[in-house]
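All remarks here apply to the structure that follows.
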DNA sequence: CCGGATCCGAATCGATACTG
DNA sequence: CAGTATCGATTCGGATCCGG
């Protein structure tokens, strides 16, 4: 194993030995949304080989980043330790930094519920949201359906995607103020390259609610492609 | 190349495709200190295979992170683009996060001038330094010699290590207020596990100047091992 | 010396299949 | 559901070599 070490006594190289291997930070990204079972992770990372996932989870446990928690009645989940959760600002900063290098999606690229949830949390501007009225957005991106409830400086994202609708009553929470389906171009709305009004009908299709609320959405969720916001 | 893609349309995976490969962020770390020539990078990353270094530099250029700059009279240097420099807070955050997992150095681990320079910049607390008198520290860690000049909220680190001493006059700048040699245990001073007075004679050997200035050093450069500071 | 390119064995990764 | 096992395709690591 000495061959895998960077051979430096340094915080950065130590960090990279813990979470710098291929796929590791994407596993962390998904676990930042919540505890996940092995199968959930595999589904959220469609291209990860199963043996790599198993190996990474063992390494992350050995590094004190992830914990394996047997569930009461069925199966088990992986969850981040407190130490692992401290990676959230780093993962978000990486997401912000990588944001402006995302071109258009490659053939076969997917958007997952967890990645979109983290993207929303990354783009969320609490100080802007705080001065806007509480709003619930429901968005469809490909097969993913998310509900983002913004109230004051707080954001709560729920994934409705693979959930079988409960027999009685609609989805949890109140009805969304705005429901829309977005293509990949939603990225340009988040970055401000595209104004919401232009986006409507092009990359955004409003399903229900007041279309002008898309403006509020763009104010609430924003990533400046120039690094001005750090 | 499609086999190397994470297959996700997401800022984090995009970032990891740019700087997530092995060694890439350590190259960035060294370039954050300043432009470096190929040979400098190779020396600062003693364990990197030369073909990997060449490959990474090409990939980082293709990603717009690094630029290749021919020098006027001799050779050329690599330097970060503006986009690459935006990785500084991320590299620092990784260094802070990894800091508390650094055990004692493994056999063969090295400390380089660039890694120590970044470590100092990472541990530097401008708001604390601002209320302390200007101070110049000169530290020896293994073969590395660094001079850190703290003035108000500003820090300037110079590497004296491999520099042939100029024929006339001493090293640049004024004489250090405190000069000391530190072992790996200096880490415990930075983290506050060890008080400066205890450290003296154990992990720190004062060469010249007032030994009580080590206290000021520990106040100026500090990384809280608990994630309280984020 | 600087800035790599080349070659080769060892380790890892990726894809698929299989099991308790 | 939660992984192992297997195996070819890549990549990594170490060393050497080469043109300026």
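Protein chains in written order, with my numbering: chain A, 1 to 230; chain B, 231 to 460. No residue lacks a Cβ here, since even glycine has one placed at the ideal position from N, Cα and C.
Between the alpha carbons of residue 46/A and residue 57/A lies a distance of about 16 Å. Residue contact with chain B for residue 90/A: present (Cβ-Cβ distance below 8 Å to some residue of chain B). Take residue 438/B, set aside five residues on each side of it, and the residues of its chain with a beta-carbon closer than 6 Å to its own are 409, in chain order. Counting only runs of 3+ residues, the beta strand (DSSP E) found wholly inside the segment 126-151 of chain A occupies 135-141, 144-151, in chain order. Under the three-state reduction of DSSP, residue 235/B is assigned to coil, being neither helix nor strand.
In the three-state scheme derived from DSSP, where H, G and I count as helix and E and B as strand, residue 438/B is classed as strand. Taking a 10 Å sphere around the C-beta of residue 349/B, we find 16 or more other C-beta atoms and assign the residue as buried. With contacts defined by Cβ atoms closer than 8 Å, residue 258/B and residue 295/B form a contacting pair. In terms of beta-carbon proximity, residue 349/B lines the interface with chain A, with at least one pair separated by less than 8 Å. Any Cβ of chain B closer than 8 Å to the Cβ of residue 219/A would place that residue at the interface, and such an atom is absent. Residue 454/B does not reach chain A, its nearest Cβ partner there being about 11 Å away, counting only Cβ pairs nearer than 8 Å.
For residue 69/A, the enclosing beta strand (DSSP E) stretches over residues 66-70. At a cut-off of 8 Å between beta-carbon atoms, residue 74/A makes no contact with chain B. In the three-state reduction of the DSSP assignment, residue 247/B falls in the helix class, which pools H, G and I. Counted as a single uninterrupted DSSP element, the stretch harbouring residue 451/B is not any alpha helix (DSSP H), since DSSP gives it neither H nor E. Counting other Cβ atoms within 10 Å of its Cβ, residue 243/B reaches 16 or more and is therefore classed as buried. For residue 88/A, the secondary structure class from DSSP, reduced to helix, strand or coil, is helix. When 8 Å is used as the limit between beta carbons, residue 332/B is near these residues of chain A: 9, 10, 11, 14, in chain order. For residue 345/B and residue 260/B, the gap between their C-alpha atoms comes out near 7 Å.
About 6 Å separates the beta carbons of residue 321/B and residue 262/B, which is inside the 8 Å limit, making them a contact pair. For the pair residue 433/B and residue 415/B, the CB atoms are nearer than the 8 Å cut-off. Setting aside the 5 residues that flank it on each side, residue 96/A is surrounded in the same chain by 122, 223, each with a C-beta closer than 7 Å to its C-beta; the list follows chain order. Here residue 29/A carries a helix assignment [DSSP, helix/strand/coil]. The DSSP-derived three-state label of residue 59/A is helix. The continuous stretches of beta strand (DSSP E) do not include residue 199/A, which lies in the alpha helix (DSSP H) extending over residues 196-199. With a threshold of 8 Å between beta carbons, residue 184/A makes contact with chain B. With respect to residue 150/A, residue 135/A sits close: the two C-beta atoms are nearer than 8 Å. For residue 445/B, the three-state secondary structure derived from DSSP is helix. Look at residue 93/A: its C-beta is under 8 Å from a C-beta on chain B.
If you draw a straight line from the Cα of residue 376/B to the Cα of residue 412/B, it is about 11 Å long.
Under DSSP, residue 340/B takes part in a beta bridge, and its partners are 8/A.
Closest in C-alpha terms to residue 174/A, from the list 187/A, 188/A, 156/A, comes 156/A. Between residue 356/B and residue 383/B, the C-beta spacing is below 8 Å.
Boundaries cannot be given for residue 203/A, as no beta strand (DSSP E) includes it and DSSP labels it neither H nor E.
Shown here, residue 267/B sits in coil according to DSSP, grouped into three states, outside any helix or strand.
Under the DSSP assignment, residue 386/B falls in the beta strand (DSSP E) whose first and last residues are 384-389.
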